[in-house]
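Asker:
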Amino acid sequence: MSEPEQQTPPKAKVEVIEQELYAKHKKVYARETPGKFNSLRWFFVFLTQVIFYFGPWLQWNGRQALLFDLAERKFYLFGLVLWPQDVIYLSVLLLLSAFGLFLFTAVAGRLFCGYACPQTVYTEIFMWIENRIEGDRNARVKLDQSPMSGRKLRIKTTKFLIWGVLSLWTGITFTGFFMPMHDLMHELVTLTISGWSAFWVFFYSAFCFLQAGFMREQVCKYMCPYARFQGVMFDPDTLIVTYDEARGEPRGPRRKTDDLKDKGLGDCVDCKVCVQVCPTGIDIRKGLQYECIGCGLCIDACNEIMAKMDYPPGLIRYATENSVSKHYTSSEMLRHVFRPRIMLYTGILLLIFAAFVYSLSTRIPLRVDVLRDRGVMSREVGDGLTENVYLLHVMNMQDSARTYTVTPEGLPGIRMDGQSSFTVQPLENLTQPINVRVPAGEGKPGANPISFIIVDDQNPDVRRDEKSTFIQPN
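With our numbering applied, the sequence shown corresponds to residues 9 to 482, in that order.
(1) Quick one: which unbroken beta strand (DSSP E) runs of 3-plus residues sit fully inside the region 284-355? Chain order, please.
(2) Kindly indicate the opening and closing residues of the alpha helix (DSSP H) around Q440.
(3) So what does DSSP say about L419, is it helix, strand or coil?
(4) Would you check if the region 223-239 and the region 304-319 touch, i.e. whether three or more CB-CB distances between them fall below 8 angstroms?
(5) Starting from the C-beta of R263, find all residues in its chain whose C-beta is less than 8 angstroms away, skip the five residues before and the five after it, and write them out in chain order.
(6) Buried or exposed for P155, going by 16 or more other Cβ atoms inside 10 Å?
(7) What is the DSSP secondary structure of L88, reduced to helix, strand or coil?
(8) Measuring only the C-alpha atoms, how far is P481 from D425?
(9) Inspect the beta-carbon positions of G302 and A116 and report whether they are closer than 9 angstroms.
(10) Could you tell me the alpha carbon to alpha carbon distance between T431 and P416, rounded to whole angstroms?
(11) With distances taken from CA atoms, which of I248, P188, M351 is nearest Q297?
(12) Using DSSP's beta-bridge definition, name the partner residues of Y398.
(13) Short of 7 angstroms in beta carbon distance, which residues of its chain neighbour F210, apart from the five on each side in sequence? Order them along the chain.
(14) Output the boundary residues of the beta strand (DSSP E) element that contains I480.
(15) Quick test of your reading: Y123 and F52, contact by CB under 8 angstroms. State the CB separation rounded to the nearest angstrom.
(16) Counting only runs of 4+ residues fully inside the region 229-281, write out the alpha helix (DSSP H) ranges in chain order.
(17) Below 7 angstroms CB to CB, which residues in the same chain sit around Y37 once its five sequence neighbours on both sides are set aside?
(18) Given a threshold of 16 other Cβ atoms within 10 Å of its Cβ, counted over all protein chains shown, does P64 qualify as buried or as exposed?
(19) Looking only at its chain, what residues have a beta carbon closer than 8 angstroms to the beta carbon of P441, apart from the 5 residues adjacent to it on each side?
(20) Is it the case that the Cβ atoms of C276 and L323 are separated by a distance below 9 angstroms?
(21) According to DSSP, what are the bridge partners of A455?
(22) Around the Cβ of E132, are there at least 16 other Cβ atoms within 10 angstroms (buried) or fewer (exposed)?
(23) Taking all protein chains shown into account, do 16 or more other C-beta atoms lie within 10 angstroms of the C-beta of V89, making it buried, or fewer, making it exposed?
(24) Taking all protein chains shown into account, do 16 or more other C-beta atoms lie within 10 angstroms of the C-beta of H344, making it buried, or fewer, making it exposed?
(25) Could you work out which residue in Y326, L74, R71 is closest to I292 when comparing CA atoms only?
Here it is in structure tokens:
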């Protein structure tokens, strides 16, 4: 009897899906919504732009108060003047800012992105202009889908012109932080602006026009590295925009008078308004996504719908993953948000900041170098005296003229020959040859250690002690 033939199992049908490598961008038509978080966003828009646009015009002791003068290599911060030798302060300040941003992200997510990031701020301003000219969300969608006409051309041209003027003024203001604003405006008015200044004005203007007018949420999604590495800074106790799935699901439409238990529905009416108001076009109901900038507009929109339905607010809210899943009270949630690890990091950050402020406040605004004149090692000048010649370099780092007195020390009878006090103009350098004399019998033959004490006559606390050597002949 032959063995039964083995049956070959039928092959499963394989579904083939073709996926393009580059997907076409779908424009996000964000809907305006009132609410406390929207008002808070606009507060930060006004605050940041008042600082930005008025900053270059502030004056301090007859000069620009905020100026990062790269050409002269001086950074002016009101009464503080930083030189290239003070680059350590700028480096520490940048590190503090970065570390503070990371710490804030671990506590409260991407609130900086949603409220104070320049990309968000200018996108919000440009969208406000767009809404005033083109209309609300539905009107903008209809306008973009309509064929070109005289009305559409007029509306688009008006919008682009206003965007262009704002972008140009933004470019001028930005450049005004790196060269004196009054000089820049004079060059613009007289059409004598230099090539590099013109380049930066128009480069930043075009950058602002494209980023805030067209790129918008694409910058947050694809270009900004902050969106990519935020995941390593989040944990279940980070405060983020959260959808309460247990309360909202199952979602579905209903009438205001319907009984939710009879219909088997949650509080979410599936109106999709939370999606329509989102600047990045995501659905927060799908959970936390890297595109979410934590702006809270979906919270405002959802709370407005909840109020119309006589439901309690907070279906979408700022909360932590643990607080939603474990049903924490507000106080319990905050206690977990400010967890020991965060408090430790905060303490370290505050200590570093305090040390930075102390170092900056005790910084001596005087730089001194004393170099030996290589052409004259040592010489006898009569009267039993030996003379050495030095080159004194004094840098006055204050914005007022100062007089400094130089006193040599280290050997008996040491003194300067000639002028010992020098006046240095504000923020200027002085290079001056000085002659130092010592009795021939003092010290040993060869190099003897000495020091130069340079003291500010108006403020004796400002002083430098510069080491050098005095050579006695054999």
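Just so you know, even glycine gets a beta-carbon here, dropped at the ideal spot from N, CA and C.
Answerer: Quick answer:
(1) 324-327
(2) Unbroken run through Q440 is the beta strand (DSSP E), 437-447; no alpha helix (DSSP H).
(3) coil
(4) no
(5) none
(6) exposed
(7) strand
(8) 19 angstroms
(9) yes
(10) 18 angstroms
(11) I248
(12) R380, I442
(13) G179
(14) Ile is not the amino acid found at residue 480; the sequence shown has Gln there. Segment 471-480, the beta strand (DSSP E) holding Q480.
(15) 5 angstroms
(16) 234-237, 253-256, 268-271
(17) R145, R148, V149
(18) buried
(19) D381, V397, Y398, L399, L400
(20) yes
(21) I479
(22) buried
(23) buried
(24) buried
(25) Y326
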